[in-house]
Each structure stands twice: as structure tokens, then as C-alpha cells.
Amino acid sequence: MTSLTPKPSPVESWDRLPSDWHNDERMDALFAFFKDRELNPVHYDAKMKFWSETIINYCEDHGILQIDISTIVSRFRRKGKTPKCLDKIFEELIKQRRLISTNDFTYSQQSSWASWTFNKLTSPLTSLMSTKIPVDQDIFVIKELVDKKAQQVIESLQSHVCVATFDCVISYGSFIDACRRCALIDENSINLIISTLVRDKKILIDYVGETKNVKVVKFIAPGTSTVRPITEIENSVLLLRHSKDRLEEQLKKSDEQIEGLLTDIRRHLKNSNRTAAMKLLRKKKILEREYEKKDRTVEHLNTVLTQIEQTDCSSLVINAYSSGVQAHKELLRKNGLTPDAVEDMIDEVHDMLDTQNEIDDAITRPLVNDTTDMTELEIELEELLKQPIPPTPAVTTVSNTNDISNISIPNEAIKIPEEDPFADLELRLQKLGVKEPTPNKVADIASSSH
225 MTSLTPKPSP VESWDRLPSD WHNDERMDAL FAFFKDRELN PVHYDAKMKF
275 WSETIINYCE DHGILQIDIS TIVSRFRRKG KTPKCLDKIF EELIKQRRLI
325 STNDFTYSQQ SSWASWTFNK LTSPLTSLMS TKIPVDQDIF VIKELVDKKA
375 QQVIESLQSH VCVATFDCVI SYGSFIDACR RCALIDENSI NLIISTLVRD
425 KKILIDYVGE TKNVKVVKFI APGTSTVRPI TEIENSVLLL RHSKDRLEEQ
475 LKKSDEQIEG LLTDIRRHLK NSNRTAAMKL LRKKKILERE YEKKDRTVEH
525 LNTVLTQIEQ TDCSSLVINA YSSGVQAHKE LLRKNGLTPD AVEDMIDEVH
575 DMLDTQNEID DAITRPLVND TTDMTELEIE LEELLKQPIP PTPAVTTVSN
625 TNDISNISIP NEAIKIPEED PFADLELRLQ KLGVKEPTPN KVADIASSSH
């Protein structure tokens, strides 16, 4: 049977080659036929897991979406030996729905996976027909890799979307280029991705133009789950872009033609063939005039497209303003915020502050009336400040501190000034209410106390 997949590089150059690959004893056991699981369940399950993960990972890294046993056998050849257990591996992957027969996969594109699975389980005839081709002769689709690669293509397309209103419609050629950027090289893999995306309503393929001769692809916009039909606006913008692209291709060809004519003109002039050079020069002038017209047309188309994109952006801004206003109004209504309500609240705050000020004044008011005249106290304080300060007695300094213990001072020489207890008597009498204390009265009080 002829394999659909191209020959890959040797498996030894694979970056994710299992570490057991260089263990001869281990690989001999993994390459051998499967024995009954009841004899050694642990070894059976480990061997099944090893080959299942290795095959799927290898196909993912090499962009392979369709496989068959003969291809895997040839790719995992080791020291002249080939694995003898792949039929069991494929049967297990088919049971797990990780491998789908190509015929079944094609049939599933016409309906959902759920209805296809239901038909497989409930229709014995369909089941018999699907097992008609032996496992070692059938070609299988790796469903999980197809789904993953399809999502990768969609994400790649959405990453280039600037204006969702127009940028979700591209030419079919641009879509194929996006698939190739996602490591989808062969045509069979690209067709699998297209059929999967169409089935999942992630893309739609249509023809636009007056004669419906322009094949385009529309994919889902970011944040949406299904693709919508192409609108008139998208159709018009797409035709403008298609016309601009065609003009740019023509400009590129004209530029190459002009450069070629210049080369020929120089060659004829070098050979002194002025007549031939003059003819080519006229042709060059005609091409240059056409080039200028097309170039101006491209500039006009770019201006129109820019204006359309700016209009769409303006529409988005207006919609954002409208949403913001509606949200603000709803928030005011929900919280009961009106100018009158705010003014009433501010008045209540002022009343509260006035009441608090009155309470503070009442708390700080003295409890007993103090009749002391502060003016009299200030005058008395000034008089005390004007009185001279008595001089401080001089202290004799001993020059030799070492001999201070040998100096004897008589007790009579040490005189401690006595404090006069009646020095402030006059002031105390004034505080007690005696208006005019005389020196005689003070002396009498003092003598009587002694």
C-alpha cells in the first residue's frame, strides 16, 4: 500500500525521542509482539502507553495528521528491526477514538460527531462496513491533532485582526498561506483542517464579485463561537482590497518591464542602434504613464479603505460612549443619586457640624465662675520681673585640690543663711483680702509669732 505521508527525517534526530530508545534490552521488549495482558498487566499497559504517546507526539511535532501502520513501521526502524506490536496499538487508539478511519472521518464531516458516534453504535451494518478494511491496510486520521491544528490556524488568523468588521474575510490564497505558517505542508492535511473548520462552523468559504469569481474565506471573529454570513459591507471592502492587490501586482510587473526596457535600451545604445533604442524608449514612456495612473488609483483605494476603517472606529467609540452613558444613568438610578438628594444630604452635613460645634463649646465651658481679674495679675507679674535679682555669693576656689582634705574650717565660719518665712507675707495678705498692709502690722505679726 502506498503511504500518503512523505518520508520524514530519521527518528534519531527527533527532539522528543524517548530516553528508552537507546536501551537495547528495553527496546527489544517494546518491539516484540504483545503477550496476553493477564500474564503481566503492568508491562502490557506500560508498553501500550509508550507507543501511544510516542506515535502521537511524533506526528504532532512533524505536522502529520494522517497515519497508517506501514508508515509508522518504517519511521520507527531501529538497528534493522521494526516494531511488531503496532497492530495492537492502532486497535487500542481506534477504541479510544483517537484514530478515525479516513472514510469515517469524511462521513463525519457531513454531520456532527455526536450523531456519527450514535450511528456507529446503533447500526450494525455501518459497523461491519467500517471494519471491512483491515487495520494494517487502512489510513487513519489523528482527530486530536486535527482539532489542535485547526484551533492553531484560527488563532493565527485572529491575531492579525485589527477591525473585526472587515478583517475576518480574506482571500482563499491568504488562508492557505496561514495554514502553511502552522506547519501544514501537504494538501491532504490542509484539506482536513478546512473540512474540520467548516464542520465546526469556524469558517465558511464563498465566492464574491460580480461574476462570483473571487474565492474568499470568512473566519470567526475574536470572542465569537460561530462564523456569520458575509455582509454587504464585508463584500464591498473585500472587493476594494482585491482590486488594490491586483493593481499592486500589476505595478510590480510594470516596474520589472520598465527595468527590462532600460537594460535593452542601454544595450542598443552600446551597439549604436539608436532606432531600436528609440522604439523601446517610447514603449517605456507609455508604461511609465500607465504606472503612474495605477499608482494614483492604488493611493485612492488606500484612502477609501482608511476612511472606512476610521468610520468603523468612530462607530465603536460612539457605541462605547453610549454604553458608558447608559451605565452611568443606571448606576445613578440604582443608588438614588439626584441633585436634590445631594443638596439635602449636604444640608444635613452642615447641620450636623453646627450641632457638633455647639456640643464642643458646651464641653469646654468652665464649671466655676472665676472672678480673678487677669489685668491685675499681668501688672503684678510685670512688677516682679522689674525687681533686681540678688547677687550670688562668691565661692572661693581652692587651687590645689589635693590638699583640700588638710584645710580645717571653723564652725563659726560656716554660716547658713536663714530663710525668712515672712518674706512673702505681704503678698499672702493681699491674696487674703487685706487691702493696705503696713510695715508696722507686718512687724507686729512677725514679733508675735516669735
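According to the working numbering, the sequence shown is numbered sequentially starting from 225. Glycine included, C-beta positions come from ideal geometry on N, C-alpha and C.
So, at 8 Å on beta carbons, what are the nonlocal neighbours of Ser-347 in its own chain, with the 5 sequence-adjacent residues on each side left out?
Bear in mind that the predicted position of Ser-347 carries a pLDDT of just 47, short of 50, making it unreliable; the figure below should be weighed with that in mind. So the list is empty, once near-sequence residues are dropped.
Using 8 Å as the cut-off, can you tell me whether the stretch 309-321 makes contact with the stretch 283-299, which would need three or more C-beta pairs spanning the two stretches below that distance?
yes
Entirely enclosed alpha helix (DSSP H) segments - the stretch 240-276, minimum 4 residues:
248-255
Inter-residue spacing [alpha-carbon to alpha-carbon] between Val-393 and Glu-472:
19 Å
When you compare each of Lys-303, Lys-319, Asp-252 to Ser-276 by their alpha carbons, which one comes out closest?
Lys-319
Any beta carbon from chain D within less than 8 Å of Thr-330's own beta carbon?
Within the model displayed, chain D is absent; a lone protein chain is all it includes.
Identify every run of the alpha helix (DSSP H) within the stretch 287-319, keeping only runs that are complete inside it and at least 4 residues long; order them along the chain.
293-299, 310-319
Write down the C-beta distance between Lys-426 and Val-387 rounded to the nearest angstrom, noting that I regard them as a contact closer than 8 Å.
Not quite, the Cβ-Cβ distance comes to about 20 Å (not below 8 Å), so this is no contact.
With a CB to CB cut of under 7 Å and the five nearest residues on each side skipped, what residues in its chain are close to Thr-278?
Pro-242
Just mark Lys-517 as buried or exposed, buried being the case when its beta carbon has 16 or more other beta carbons within 10 Å.
exposed
Please name the residue, chosen from Asn-412, Phe-390, Gln-481, that lies closest to Thr-326 on a Cα-to-Cα basis.
Asn-412
Let me know if Thr-527 comes out buried or exposed under the rule of 16 or more other beta-carbons within 10 Å of its beta-carbon.
exposed
State the Cα-Cα distance for the pair Leu-408 and Lys-507, rounded to the nearest angstrom.
44 Å
Would you say Val-441 and Phe-399 are within 8 Å of each other, going by their C-beta atoms?
yes
Quick one: what does DSSP say Asp-430 is sitting in, helix, strand or coil?
strand
Can you round the beta-carbon distance between Val-541 and Ala-445 to whole angstroms, since I take them to be within the 8 Å contact cut?
Going by Cβ atoms, the distance from Val-541 to Ala-445 rounds to 19 Å, so no, they are not a contact pair.
Rounded to whole angstroms, what is the Cα-Cα separation between Asp-479 and Leu-485?
10 Å
Going along the chain, which unbroken runs of the alpha helix (DSSP H) with 4 or more residues stay wholly within the stretch 440-527?
456-494
For Leu-323, which of helix, strand or coil comes out of DSSP?
strand
Within the same chain, show all residues whose beta-carbon is closer than 7 Å to that of Glu-746, passing over the 5 residues directly before and after it, in chain order.
Any property of residue 746 remains undetermined from this structure, which presents the chain solely from 225 to 674.
Straight-line Cα distance separating Thr-389 from Asp-519
27 Å
In whole angstroms, what is the alpha-carbon distance linking Val-266 and Phe-274?
12 Å
Closest Cα partner of Ala-270 within the set Asp-244, Asp-248, Gly-287:
Asp-244
Residue environment, Gln-611, which counts as buried when at least 16 other CB atoms sit within 10 Å
exposed
If you count every other CB in all the chains shown that lies within 10 Å of the CB of Glu-236, and 16 or more means buried, which is it?
exposed
Can you tell me whether Gln-731 is buried or exposed? The criterion is at least 16 other CB atoms within 10 Å of its CB, across all chains shown.
This structure cannot settle anything about residue 731, because the visible part of the chain is limited to 225 through 674.
Specify, as a first and last residue, the run of the alpha helix (DSSP H) that Val-377 falls within.
367-382
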